[in-house]
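Participant:
Numbering (the numbering used here), first residue to last: 79 to 637.
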């Protein structure tokens, strides 16, 4: 017991394991020892009181209580509840309590250690350094953003619905999917096993660094993300010499909606045109009218080690944290315009004939994200998609491509360890701007190795039961030493002592019951009728081999 208590707070070990295995035997061993010592104590106490004079009922209570059941039985049968009787019942109840308390004395648990750590994430302002800001930067970075975008696109079957991208960056869900779930400022994001309520808005996430490899952590990050909604999706036919279709050099195009007066505002109206059927003189196009919006979000990220996911989000004012109207003007006038130019032809640049290769990978992905890889040389019919489905898929493509055009050296996950302290990723060649990582405080909970935990309530119960048992054992020895009378009560041999129906040699009155039984173990005895010839018989314990006792008969009366 005290050895187990001494392990409290110590790491699990082989010695402790063996002790735990030993404690598993306690529900069996403790009651056996308890019955042996406590039963002996009550017998010794009974003989002691009998020697000094007591009542028969009290002797019956003391000699008869050898378990919880017999202690209760004596109380009920004697129809006499006394302090001694209640005391014996309570004492015997300590037997199962002691056995179970030893079993529950020691356990193992992992202790949680809370701490605060600094986690850094890509500054949302990095989006303003996109290579889409001008024609020169677009051409220079074409090989970079093309490979990043297509890598994310081609791996989407595995990573589209995961909380992190293929490089371990944290992805943000589409805010409109969770916006209506609650009136609270923070909107919860449910995992798939909880009935997932969101689609991730991009195949590329926000680069983060500093999450502890072990334990749980949570922190907040900020990011801007585009969101596209579409109102109609239909098929249109056009002659190849018409002005709208005359200069088609690809299978897919994006442009500002010329019929809308709000070309420079959010949400910004655009048209998506995808070649559906290519004829000799005319073609059919999937034409979709959409609106592009740009939003600023703060997300709470929950991590288990370095595996992270957004748990909730809230919408912030777009113009905050250094993002001004002038900055947004560059986004609208340059980045969005150039994105609509480059994205549709990212893997099909300057094709002289639209029918040369069929639909682009992006178009095929929008048609079916689960089956789009491989050369088919045909055209997808995007007009068959529901406008909401088309909008979601275009949003994912739009954000993925946009994120592949800035801070590209941070996407692969191989960030320097000192970035957590410096918050600045320095470009060694000087051609690209340095990249800033914002710091955020993360609450970290780490579990230690399993340690032993003593249950002090069960320890107190075991200690009390053991002290009572130990006291009874020593008290029994002391009482037995002070008692002169032999222990004869409750033994079969004692019924033959000075019994006129059991004629044996006199003497031996100082013998204990078991000693007398050892001497008379071959004596034939019977409980029977010692007056078989009388009209009414008498039942007594008698010697059975001299013909003085007869078997009992249910049809005969006895007194």
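In this text, a Cβ means the ideal position worked out from N, Cα and C, and glycines have one as well.
(1) Would you tell me roughly how many angstroms separate the C-alpha atoms of residue 626 and residue 607, rounded to the nearest one?
(2) Under the three-state reduction of DSSP, which class applies to residue 203: helix, strand or coil?
(3) For a minimum of 4 consecutive residues, which ranges assigned as the alpha helix (DSSP H) are wholly contained in the stretch 447–523?
(4) Can you tell me which of the three DSSP states residue 442 falls into?
(5) Decide if residue 351 is buried, meaning its Cβ has at least 16 other Cβ atoms within 10 Å, or exposed.
(6) Can you list, in chain order, the residues of its chain with a C-beta nearer than 8 angstroms to that of residue 228? Leave out the 5 residues immediately preceding and following it.
(7) Tell me, please, which residues DSSP counts as bridged to residue 303.
(8) Excluding the five sequence neighbours on either side, which residues of its own chain have a C-beta within less than 6 angstroms of the C-beta of residue 483, listed in chain order?
(9) If distances are taken between C-alpha atoms only, which option among 289, 577, 179 comes closest to residue 102?
(10) Tell me whether residue 359 is buried or exposed, calling it buried when 16 or more other Cβ atoms sit within 10 Å of its Cβ.
(11) Is the distance from the Cβ of residue 408 to the Cβ of residue 216 below 8 angstroms?
(12) Would you kindly work out how many angstroms separate the C-alpha atoms of residue 580 and residue 598, rounded to a whole number?
(13) CA-CA distance, residue 221 and residue 329?
(14) Taking the straight line between their C-alpha atoms, what separation do you get for residue 465 and residue 364?
(15) Residue 617 bridges to which residues according to DSSP?
(16) Please state the DSSP three-state secondary structure of residue 314.
(17) Taking just the CA atoms, how far does residue 488 sit from residue 344?
(18) Can you tell me which of 526, 603, 554 puts its alpha carbon nearest to the alpha carbon of residue 192?
(19) Is there contact here, the stretch 537–546 with the stretch 173–187, by at least three beta-carbon pairs under 8 angstroms?
(20) Would you mind working out which of 475, 436, 395 sits nearest residue 417, comparing C-alpha positions?
(21) Hey, how far is the Cα of residue 265 from the Cα of residue 392?
(22) With DSSP collapsed to three states, give me the class of residue 385.
(23) For residue 146, does the three-state DSSP call read helix, strand or coil?
(24) Measure the CB-CB distance between residue 139 and residue 163 and report whether it falls below 8 angstroms.
(25) What is the DSSP secondary structure of residue 359, reduced to helix, strand or coil?
(26) Would the stretch 286–298 count as touching the stretch 251–268 if we require 3 or more Cβ pairs under 8 angstroms?
(27) Here's the rule: buried if 16 or more other CB atoms are within 10 angstroms of the residue's CB, otherwise exposed. What is residue 552?
(28) Mapping DSSP to helix, strand and coil, what is residue 276?
(29) Using the Cα positions of residue 83 and residue 523, report the straight-line distance between them to the nearest angstrom.
(30) Under 8 angstroms between the Cβ atoms of residue 299 and residue 518?
(31) Comparing C-alpha positions only, which one of 252, 186, 150, 617 sits nearest to residue 92?
(32) Given that a residue counts as buried once 16 or more other Cβ atoms are within 10 Å of its Cβ, and exposed if not, what is residue 630?
(33) With H, G and I counted as helix, E and B as strand and the rest as coil, what does DSSP make of residue 330?
Facilitator: Short version:
(1) Looking at the two C-alpha atoms, the distance is approximately 8 angstroms.
(2) Here residue 203 sits in helix by DSSP.
(3) Runs of the alpha helix (DSSP H) spanning 4 or more residues and lying entirely within the stretch 447–523 occur at 465–481, 497–500, in chain order.
(4) For residue 442, the secondary structure class from DSSP, reduced to helix, strand or coil, is helix.
(5) Residue 351 should be labelled buried.
(6) Contacts found: 424, 425, 439.
(7) In the DSSP output, where bridge partners are listed per residue, residue 303 has 373.
(8) Same-chain partners within the cutoff: 208, 209, 210, 223.
(9) Distances from the alpha-carbon of residue 102 to those of 289, 577, 179 put 179 closest.
(10) Residue placement at residue 359 is flagged as unreliable, the pLDDT there being 48, under the threshold of 50; the coordinate-derived value follows with that caveat. That one is exposed.
(11) Not in contact: residue 408 and residue 216 (Cβ atoms no closer than 8 angstroms).
(12) In a straight line, the C-alpha of residue 580 is about 11 angstroms away from that of residue 598.
(13) Spanning the alpha carbons of residue 221 and residue 329 requires a straight line of approximately 21 angstroms.
(14) So the alpha carbons of these two residues sit roughly 11 angstroms apart.
(15) Answer by DSSP bridge pairing, in chain order: 607.
(16) Of the three classes helix, strand and coil, the one that applies to residue 314 here is strand, per DSSP.
(17) Rounded to whole angstroms, the separation of the alpha carbons of residue 488 and residue 344 is 29 angstroms.
(18) For the options 526, 603, 554, the alpha carbon positioned closest to that of residue 192 is the one of 526.
(19) With a cut-off of 8 angstroms, the stretch 173–187 and the stretch 537–546 count as touching, because enough Cβ pairs lie within range.
(20) Among 475, 436, 395, the Cα nearest to that of residue 417 belongs to 475.
(21) Using only the alpha carbons, I get a separation of about 6 angstroms.
(22) Strand, per DSSP.
(23) DSSP places residue 146 in helix when its eight states are reduced to three.
(24) By the CB criterion at 8 angstroms, residue 139 and residue 163 fall inside the cutoff.
(25) Low confidence applies to residue 359: its pLDDT is 48, below 50, so where it sits in the model is not reliable, and the reading given next is rough at best. Coil, per DSSP.
(26) Counting Cβ pairs under 8 angstroms, fewer than three are found: no touch.
(27) So residue 552 counts as exposed.
(28) Coil at residue 276, not helix or strand.
(29) Roughly 27 angstroms between the two C-alpha positions.
(30) In contact: residue 299 and residue 518 (Cβ atoms closer than 8 angstroms).
(31) The closest CA to that of residue 92, considering only 252, 186, 150, 617, is found on 186.
(32) When all chains shown are included, residue 630 counts as exposed.
(33) If DSSP states are grouped into helix, strand and coil, residue 330 belongs with the strands.
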